[in-house]
Amino acid sequence: MKFFLDTANIDEIREANATGLLDGVTTNPSLIKKAGRDFFEVIAEIANEVDGPVSAETVSHDHETMLKEGFKCAEIADNIAVKVPLTLNGLKTCKALRAEGIMVNVTLCFSANQALLAAKAGASFISPFVGRHDDVGFDGMELISDIRTIYDNYDFGTEILVASVRHPTHVLDSALIGADVATFPWDVMKKLFNHPLTTNGLAGFDKDWAATGFSIL
Ligand code: G3P
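Sequence positions in the sequence shown follow my numbering and run 3 to 219.
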């Protein structure tokens with residue numbers, strides 16, 4: 003499963019990238035606001051830092067303007083995936099951008115039928131928001147499982163990019179279901195490394211090693 007970082011914070015991206023485990027980045031208008039930097043400047047910097055896809059989101063709702071925005075975003079770098087919302091106009095835009103060979107990430111997906119439409123529109127990625135789905139009393143992971151079944155039934159190449167990931171269990175469940183990508187904040191990524199038994203085990207080894215008086219180097 004690929005790991006994307008869900009942020010427009012370049013320092014966090016650099017830290018995550020240094021692990022060698024980062025496969026891409028996703029941004030959205032809220033994350034751009036949080037970063038407090040010029041949209042084009044920050045997206046170009048991220049795209050230069052990371053080898054994999056970097057999602058840059060369109061903001062208009064009508065097809066014509068959204069398409070123009072999509073082309074402008076795609077010009078920033080070769081690894082840009084243009085993000086469009088899961089609306090009728092968003093999927094029209096997706097189809098048009100894909101016809102030009104531009105990567106497209108269809109976002110704000112909350113139903114398996116929406117994911118089916120996105121795949122038919124040729125989306126490179128579909129972004130179901132599991133945390134927000136859980137927030138309103140639905141089971142976000144059931145949605146991921148349904149999308150996996152539908153995409154496998156018809157051999158769709160659209161990658162399932164699990165978004166709105168809030169904790170390590172979301173990552174684990176996504177991997178068990180066979181999602182292609184999970185995108186999460188740096189805080190969640192750091193938690194994936196941790197286990198109390200690893201910490202305790204290391205403390206025990208440190209103590210015993212110190213008692214031996216040996217040195218490896
Ligand atoms: O990946 C989408 C994400 O940025 C939304 O996350 O936690 O605001 O639902 P959240």
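Yeah, the Cβ is synthetic: ideal placement off N, Cα and C, and Gly gets one too.
K35 versus A10: straight-line alpha-carbon distance, rounded
9 Å
Same chain only: Cβ atoms within 7 Å of I15, ignoring 5 sequence neighbours per side
L7, T9, V27, I48, E51 and V52
Three or more C-beta pairs below 8 Å linking the stretch 189 to 207 and the stretch 141 to 159:
no
Cβ neighbours of F127 in the same chain (closer than 6 Å, five flanking residues each side left out):
N107, E161 and L163
Run the proximity test for T231: is its beta-carbon closer than 7 Å to any non-hydrogen atom belonging to ligand 1?
Residue 231 cannot be examined here, being either before or after the span of the chain that is shown, 3 to 219.
D136 beta carbon near ligand 1 (any heavy atom closer than 7 Å)
no
What number of angstroms, rounded off, separates the C-alpha of F216 from the C-alpha of F207?
13 Å
Quick check on DSSP: helix, strand or coil for G72?
helix
Start and end residues, beta strand (DSSP E) containing S57:
V56 to E59
So, is T21 buried or exposed, given that buried needs 16 or more other C-beta atoms within 10 angstroms?
exposed
Whole-angstrom distance between M191 and L119, CA atom to CA atom:
30 Å
So what does V111 bridge to, in DSSP terms?
Sequence inspection shows Cys at residue 111; the Val mentioned does not correspond to that position. Answer is P130.
Neighbourhood of P170 by C-beta distance below 6 Å, restricted to the same chain and skipping five residues each side
K193 and L194
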